[in-house]
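Right, one structure below, let's go through it.
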Amino acid sequence: MILESKFHISLAGSASVLSVSDNIDELIGFKKDDFLKGKISLESRIHPHDRDISDELFSNEIKQASGSYNFRLRHADGQICCIRGEYNKWTDKGSKNIILELRLQDSKSLWKQESDQEILPNFKSMMENTNDYIYFKDRNHVFTGASQTLVSLTEPSTHWTDLLGKTDYDVFPENYADIYYRLEKQVFSGIDVAHEIQETMDNDGNKGWVDNRKFPIRDDHNKIIGLFGIARIITDQKIAEEKLRLSEKRFRTVFEEAPLGVALIDSLTGVIYEANPRFAEIAGRTKEEMATIDWMSITHPDDVQEDLDNMADLNAGKITGFNMNKRYIKPDGSHVWINMTIAPITVEDKTKPRHLCMIEDITQRKAFENELEAYRKNLKKLVDFRTNELKESLLRFKTYFELPLIGVAITSPQKGWIEVNQKLCDILGYNQEELFNLTWVELTHPDDVASDLDQFDKVASGETEGYSIRKRFIRKDKVVVFVELSARCVRRSNGDIDYFVTLINDISEQVEIEKRVKETQAQLAHADKLSSLGKLVGSVAHEFNNPLFGVMNLVDQLADDDFADQKTELSRVAKNECQRMAGMIKNLQSFYKPSEGIETDIKISNLTEDVLLIIGKDIKQKGIKIVRNFSESETTIKSVEDQIKQVVINLLQNASDSISGSDGEISLTIESDNSNMILKVQDNGKGIPKEDIGKLFEPFFTTKGIKGTGLGLSVSYGIVKKHGGEIAVESEVGKGSIFSLILPVSGNNK
66 MILESKFHIS
76 LAGSASVLSV
86 SDNIDELIGF
96 KKDDFLKGKI
106 SLESRIHPHD
116 RDISDELFSN
126 EIKQASGSYN
136 FRLRHADGQI
146 CCIRGEYNKW
156 TDKGSKNIIL
166 ELRLQDSKSL
176 WKQESDQEIL
186 PNFKSMMENT
196 NDYIYFKDRN
206 HVFTGASQTL
216 VSLTEPSTHW
226 TDLLGKTDYD
236 VFPENYADIY
246 YRLEKQVFSG
256 IDVAHEIQET
266 MDNDGNKGWV
276 DNRKFPIRDD
286 HNKIIGLFGI
296 ARIITDQKIA
306 EEKLRLSEKR
316 FRTVFEEAPL
326 GVALIDSLTG
336 VIYEANPRFA
346 EIAGRTKEEM
356 ATIDWMSITH
366 PDDVQEDLDN
376 MADLNAGKIT
386 GFNMNKRYIK
396 PDGSHVWINM
406 TIAPITVEDK
416 TKPRHLCMIE
426 DITQRKAFEN
436 ELEAYRKNLK
446 KLVDFRTNEL
456 KESLLRFKTY
466 FELPLIGVAI
476 TSPQKGWIEV
486 NQKLCDILGY
496 NQEELFNLTW
506 VELTHPDDVA
516 SDLDQFDKVA
526 SGETEGYSIR
536 KRFIRKDKVV
546 VFVELSARCV
556 RRSNGDIDYF
566 VTLINDISEQ
576 VEIEKRVKET
586 QAQLAHADKL
596 SSLGKLVGSV
606 AHEFNNPLFG
616 VMNLVDQLAD
626 DDFADQKTEL
636 SRVAKNECQR
646 MAGMIKNLQS
656 FYKPSEGIET
666 DIKISNLTED
676 VLLIIGKDIK
686 QKGIKIVRNF
696 SESETTIKSV
706 EDQIKQVVIN
716 LLQNASDSIS
726 GSDGEISLTI
736 ESDNSNMILK
746 VQDNGKGIPK
756 EDIGKLFEPF
766 FTTKGIKGTG
776 LGLSVSYGIV
786 KKHGGEIAVE
796 SEVGKGSIFS
806 LILPVSGNNK
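All you need for this note's numbering is the position in the sequence shown, starting with 1, plus 65.
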């Protein structure tokens with residue numbers, strides 16, 4: 066029995082229902098009066114995706130006087146009903162209004178059950194045994210046939226025949242039914258095939274994917290009377306594609322954000338197919354420029370042949386990769402040192418081999434190595450010159466540093482290892498399987514865990530997207546390894562962290578080098594002390610010789626009978642000379658009393674006077690006048706006393722050495738401001754050329770020729786910097802120099 070109802074609607078102004086069949090509630094659940102009194106609008110119940118049909122039916126003009134449509138209405142209970150609608154439009158003679166006559170038929174009531182004899186056995190066998198989802202529908206979107214596989218997606222149904230006479234809205238969730246209906250409208254509009262990759266969900270709630278294709282069924286007159294559909298399961302393919310997409314995304318992230326330069330290069334021609342931003346930055350070019358050049362054109366001429374020889378061995382299969390240091394030439398003519406690692410890439414076309422090139426900028430490291438080598442050579446010369454006894458204790462510096470490749474890991478928000486490369490395994494001493502059963506927290510040095518977790522939590526809270534730190538890992542063999550670690554998160558569309566890209570560089574050798582440099586600087590400071598001590602010993606010996614010779618003469622006179630009546634006076638003079646020497650010894654003991662590195666409050670004027678007691682006479686004997694301009698409002702400084710004495714001695718000796726005439730003068734002035742005490746040592750010596758002033762504090766630089774070590778000012782500058790102070794220099798050739806020792810007053814040490 067066909068379920069249908071009829072409406073008469075005036076389309077003048079806002080559409081008003083003139084009449085409606087009594088059985089309308091059986092069709093869509095609303096009573097007749099709901100429409101006549103305007104409580105319910107028929108137009109508003111039409112499915113939003115069928116608005117094109119609604120607009121045509123309720124248009125206040127007659128484009129086509131009659132016709133039929135298939136569309137959807139929402140039932141009073143919220144369910145979707147598939148409707149076949151036949152309409153007529155005319156103009157009322159009296160009111161001149163457009164009248165719409167609309168007959169609505171339930172699509173399912175139009176379907177007629179075919180007898181079992183009419184369903185061919187072969188067709189039934191196919192429907193019950195195929196692995197695909199196959200279905201047939203009439204022109205009203207009602208199932209007329211289906212495969213047994215559809216039962217797993219539809220509910221309620223146990224056999225494919227349970228679907229006959231039903232629409233998608235009876236057996237699928239509405240959101241899925243809307244998708245299927247939209248595709249079927251395309252078929253009924255006349256296209257040859259409607260095709261989409263669509264999501265499915267079985268009765269257990271498991272989602273999957275199908276390749277869904279719908280085709281029109283036509284009668285002998287080429288009129289579309291229904292459709293045939295086949296949906297092929299492609300869930301495994303979609304899962305594989307998604308995994309591949311995620312893998313490509315992860316490694317694209319590593320490629321683009323790696324601190325190393327990475328490029329894909331043709332192994333035969335040297336053409337650079339693709340380079341990441343860091344590679345282009347190191348080479349001094351843009352990514353676009355990198356795509357137009359080959360590696361030979363940017364390599365230093367002296368390094369090309371070695372690289373070509375290595376590439377020949379790689380292409381011949383003699384080696385599986387190589388590592389070398391070389392230089393790239395930038396557009397401005399400067400060059401950059403790189404550490405380069407080459408690894409071949411497997412490609413289908415063996416005639417076009419390619420390789421991965423990874424580079425690290427080691428220009429600064431090269432300069433650091435050269436600086437270390439210069440330190441080592443100059444230290445050896447200095448020690449050999451001073452004493453052969455120190456030869457066995459010369460510091461040996463390594464001239465070659467192994468430059469490791471970067472460790473790369475994909476880590477989880479739970480701090481576990483998802484993926485790791487072999488270099489990271491080498492750094493940590495674990496194989497991949499062992500790392501997968503550990504977290505990075507378990508491998509971190511206990512003293513570094515808190516700082517690492519603090520940075521990690523900032524990323525987890527959304528405060529930042531990544532971080533870089535120095536930290537220590539404990540290897541499997543319990544050895545502590547120092548690393549530079551950079552981590553950046555990759556988030557899902559909802560903002561949650563999916564995983565971290567973590568880059569780990571072993572810097573253990575660099576840390577060790579820094580330690581050795583500090584030891585070397587300490588040796589240089591000791592060498593300068595020995596030099597200063599040599600000069601002071603000469604001055605002290607001279608001070609003792611005069612009274613010592615006087616006492617010896619007095620002793621000789623006491624033994625001579627000719628001086629018997631003067632013995633009392635001679636004894637007194639001898640005693641006075643001995644007391645003078647004892648006083649000098651006491652002053653020396655006080656001056657050189659070791660401070661053991663303890664800072665005390667001292668006055669710079671008192672310290673300067675102590676220094677003058679030791680070296681002042683030697684300066685005066687050169688005919689140099691010493692002028693004191695000390696402040697009465699002088700405040701104390703907190704310092705290691707013997708270290709500051711060494712600085713003042715060095716400044717006074719340099720001032721004395723710069724004066725060659727007989728009218729020399731050294732002026733000592735002590736000033737203070739709110740935060741510093743300043744001792745100015747001014748001489749009227751030969752002065753220092755402007756081009757040399759900037760080099761004065763460099764190790765081994767001297768203006769005294771072979772007499773100088775080139776260490777005095779360098780060591781003094783280091784001492785003053787440790788005290789939070791400065792040494793300032795003003796000089797003019799032919800007029801003299803002013804060296805200002807600036808130290809913070811007590812309580813203001815930096």
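For each residue, glycine too, the CB sits at the ideal point set by N, CA and C.
Given the structure is predicted, the values throughout are model-derived calculations rather than measurements.
Cβ-Cβ separation, residue j to residue i (assumed contact under 8 Å), whole Å
i, j, result
"residue 665", "residue 744", "The pair is not a contact, with the Cβ atoms about 17 Å apart (cut-off 8 Å)."
"residue 177", "residue 249", "Contact doesn't hold; Cβ gap of about 20 Å is too wide."
"residue 189", "residue 208", "About 15 Å separates the two Cβ atoms, so there is no contact after all."
"residue 380", "residue 406", "With a Cβ gap of about 17 Å, residue 380 and residue 406 do not count as contacting."
"residue 236", "residue 228", "6 Å"
Extent of the continuous beta strand (DSSP E) to which residue i belongs
i, result
"residue 241", "Premise fails: residue 241 lies in the alpha helix (DSSP H), 239-253, not in any beta strand (DSSP E)."
"residue 89", "Counting along the chain, residue 89 falls outside any beta strand (DSSP E), though it belongs to the alpha helix (DSSP H) covering 89-93."
"residue 259", "259-266"
"residue 801", "801-809"
"residue 170", "163-171"
"residue 408", "400-410"
Beta-carbon proximity check, residue i vs residue j, cutoff 7 Å
i, j, result
"residue 170", "residue 69", "yes"
"residue 692", "residue 732", "yes"
"residue 818", "residue 347", "There is no way to answer for residue 818, as the model of the chain reaches only from 66 to 815."
"residue 341", "residue 354", "no"
"residue 401", "residue 357", "no"
"residue 154", "residue 165", "yes"
"residue 762", "residue 782", "yes"
"residue 725", "residue 688", "no"
"residue 145", "residue 136", "no"
"residue 699", "residue 667", "no"
"residue 162", "residue 75", "yes"
"residue 802", "residue 811", "no"
"residue 215", "residue 267", "no"
"residue 278", "residue 295", "yes"
"residue 708", "residue 784", "yes"
"residue 102", "residue 87", "no"
"residue 383", "residue 368", "no"
"residue 270", "residue 424", "no"
"residue 448", "residue 568", "no"
"residue 172", "residue 205", "yes"
"residue 535", "residue 549", "yes"
"residue 564", "residue 555", "yes"
Same chain, Cβ closer than 8 Å to residue i, five either side skipped, listed in chain order
i, result
"residue 212", "191, 192, 193, 195, 197, 198, 199, 200 and 225"
"residue 527", "560"
"residue 222", "215, 216, 228 and 236"
Closer than 7 Å to chain B by CB, residue i
i, result
"residue 308", "Considering every chain present, this structure includes no chain B. It has just one protein chain."
Opening and closing residue of the alpha helix (DSSP H) in which residue i lies
i, result
"residue 745", "Per DSSP, residue 745 belongs to no alpha helix (DSSP H); it is in the beta strand (DSSP E), 741-748."
"residue 234", "233-236"
"residue 511", "511-525"
"residue 505", "505-508"
"residue 684", "669-686"
"residue 778", "777-787"
"residue 216", "Note, residue 216: premise wrong, no alpha helix (DSSP H); not H, not E."
"residue 486", "Per DSSP, residue 486 belongs to no alpha helix (DSSP H) and is neither H nor E."
"residue 712", "706-722"
Own chain, CB closer than 7 Å to residue i, minus 5 neighbours either side, in chain order
i, result
"residue 264", "272 and 274"
"residue 12", "As shown, the chain starts at 66 and ends at 815. That puts residue 12 outside it, with no answer to give."
"residue 67", "170, 174 and 175"
"residue 94", "140, 141 and 142"
6 Å CB neighbourhood of residue i in its chain, flanking five on each side removed
i, result
"residue 84", "73"
"residue 123", "80 and 108"
"residue 78", "none"
"residue 484", "475"
"residue 100", "82 and 85"
"residue 800", "752"
"residue 245", "233"
*Where are the beta strand (DSSP E) runs, 3 residues long or more, that stay fully inside the stretch 273-297, in chain order?*
Runs of the beta strand (DSSP E) inside the stretch 273-297: none found.
_Any beta strand (DSSP E) of 3 or more consecutive residues that is wholly inside the stretch 307-381_ = Fully enclosed beta strand (DSSP E) runs of 3 or longer: 326-331 and 337-340.
*asked:* Could you tell me which whole alpha helix (DSSP H) segments of length 4 or greater appear in the stretch 88-141?
replied: Counting only runs of 4 or more, we get 89-93, 97-101 and 116-122.
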